[in-house]
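Working notes, structure below.
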Amino acid sequence: MPLAEAKSLVRDVVIEQYEPVADCQELKRLAAECERFSPCVALEEGDEPESLLLDIFNLTHLLGSEVELAAKVERFFVAERYRVQMAVADTVGLAWARAHYGEKENCGSLPVESLRISQDTVDLLRQLGIETIGQLLPLPRASLTSRFGDQLLRRLDQMTGAAPEVLVPHRSPAALEVGSSLEHATSDRAVLMHVLTELTEQLARHLAARDQGAVLLVCALKYVGGESHLLWIGLVQPTAIARQLMELVGLHLETVMLTDEVAHVEIRAAVVGRLGERQGELFADRWPTDPH
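Just so we're aligned, residue 57 is where the sequence shown starts under our numbering, counting upward by one.
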């Protein structure tokens, strides 16, 4: 409403200047601070972002349960003198929806606004009597695309997990990555295992030199056709032992159904942890100790 009208309704109006640029800078500062909870902190899409997105995949065992982690995040924001609305979910879309519109028994009861779609699309859906995601799900997908464009189905699939959504970190951490382009593309698993073994040994040396161990490995098999198959390999505790890393990579590779010949292989330590000091043992035969 106009400021004069607000002043007529409330006796002691507190007026603050609207500064979207300053707001965005403050949100970026908070994003950097939240890297204590996640190595991947992103700002939501849009010219004036209002939400922070934290990827906590395979991290709760380091920071406690999801409930404990959420409580730590909330305490941080309270200390910063902010009120925060949070939600933890399997997808970015569902977490965003629950943070903005509350926890529901299922995503079907959430309003269509929770899909992060344009206001024009929301208005049109409501004109047609479609107010919740549950009413939207049974409708023919082809008809939805022809009438509302690609955004509606994309957001719907991202919320349900049918389509991936990649978070672009506000400030990408320095990742440890090794890769190799194969001279001849192959689908021979023995050849791939040989290449992966060499790459894992390289990565282990880099990790050990920095006194770091891998907590989350991302192995990318890039096909000749341009598509990639990603293997997400989580570890219970940081390690820089090549044999341990390769055992896990090999186990995950066994589950992959190769759809084409592989032309390039990469392994990246997406999340790392400190190994700590290593002390020699004076009486190793009498008192076996932890290697750290």
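Every residue, glycine too, gets a C-beta built ideally from N, C-alpha and C.
Treat the numbers as computed from the prediction; the structure is a model and nothing was measured.
Query                                                                                                                                                                    : Result
Using only the alpha-carbon positions, how far apart do residue 73 and residue 236 sit?                                                                                  : 54 Å
Roughly how far, in whole angstroms, is the beta-carbon of residue 279 from the beta-carbon of residue 319, given that I think they are within contact range, below 8 Å? : 7 Å
How many Å lie between residue 92 and residue 247 at the Cα?                                                                                                             : 39 Å
Could you tell me how far apart the beta carbons of residue 57 and residue 149 are, in whole angstroms, since I believe they sit closer than 8 Å?                        : Their Cβ separation, rounded to whole angstroms, is 33 Å, which puts residue 57 and residue 149 out of contact at 8 Å.
Which residue's Cα is closest to the Cα of residue 171: 157, 111, 161 and 99?                                                                                            : 157
Counting C-beta neighbours from all protein chains within 10 Å, is the total for residue 256 16 or more, i.e. buried, or is it exposed?                                  : buried
Kindly give me the distance between the Cβ atoms of residue 188 and residue 168, rounded to whole angstroms, as I take these residues to be in contact under 8 Å.        : 7 Å
Assuming residue 291 and residue 274 form a contact by the criterion Cβ under 8 Å, report the distance between their Cβ atoms to the nearest whole angstrom.             : Between residue 274 and residue 291 the Cβ distance is about 12 Å, and since that is not below 8 Å, they are no contact.
At the level of alpha carbons, what is the spacing between residue 199 and residue 239?                                                                                  : 46 Å
Tell me the start and end of each unbroken beta strand (DSSP E) in the region 221-254 that is at least 3 residues and wholly inside, in chain order.                     : 232-242
Can you have a look at residue 94 and say buried or exposed, based on whether 16 or more other CB atoms are within 10 angstroms of its CB?                               : buried
What is the DSSP secondary structure of residue 104, reduced to helix, strand or coil?                                                                                   : coil
With respect to the alpha helix (DSSP H) encompassing residue 157, which residues constitute its N-terminal and C-terminal limits?                                       : 148-157
Locate the beta strand (DSSP E) running through residue 274, then write down its first and last residues.                                                                : 268-279
So, helix, strand or coil for residue 173, using DSSP?                                                                                                                   : coil
Kindly examine the ligand MG and report whether one of its heavy atoms sits closer than 7 Å to the Cβ of residue 206.                                                    : By its list of ligands, the structure shown contains no ligand whatsoever, and the ligand MG lies outside what it can speak to.
Return the CA-CA distance between residue 300 and residue 329, expressed in angstroms with no decimal places.                                                            : 16 Å
Figure out for me which residue from 100, 224 and 270 has the closest Cα to the Cα of residue 295.                                                                       : 270
Mapping the DSSP letters down to three states, classify residue 293 as helix, strand or coil.                                                                            : strand
Do residue 97 and residue 108 count as a contact pair if the criterion is CB distance below 8 Å?                                                                         : yes
I need the straight-line Cα distance from residue 128 to residue 100, nearest angstrom please.                                                                           : 21 Å
Note down the Cα distance separating residue 120 from residue 283, rounded to an integer number of angstroms.                                                            : 36 Å
Check this for me: beta carbons of residue 331 and residue 268, under 8 Å apart or not?                                                                                  : yes
Look at the alpha carbon of residue 138 and the alpha carbon of residue 224, and state the distance between them as a whole number of angstroms.                         : 24 Å
With 16 other CB atoms within 10 Å as the buried threshold, where does residue 401 fall?                                                                                 : Absent from the model: residue 401. The displayed extent of the chain is 57 to 348, so no value can be given.
So residue 164 packs on residue 209, CB below 8 Å; how close in whole Å?                                                                                                 : About 16 Å; that fails the 8 Å criterion.
Which residues share a DSSP beta bridge with residue 327?                                                                                                                : 272
Can you round the beta-carbon distance between residue 276 and residue 221 to whole angstroms, since I take them to be within the 8 Å contact cut?                       : The pair is not a contact, with the Cβ atoms about 18 Å apart (cut-off 8 Å).
Hey, how far is the Cα of residue 133 from the Cα of residue 75?                                                                                                         : 21 Å
Which of the three DSSP states, helix, strand or coil, is assigned to residue 187?                                                                                       : coil
May I have the straight-line CA-CA distance separating residue 233 from residue 265, to the nearest angstrom?                                                            : 14 Å
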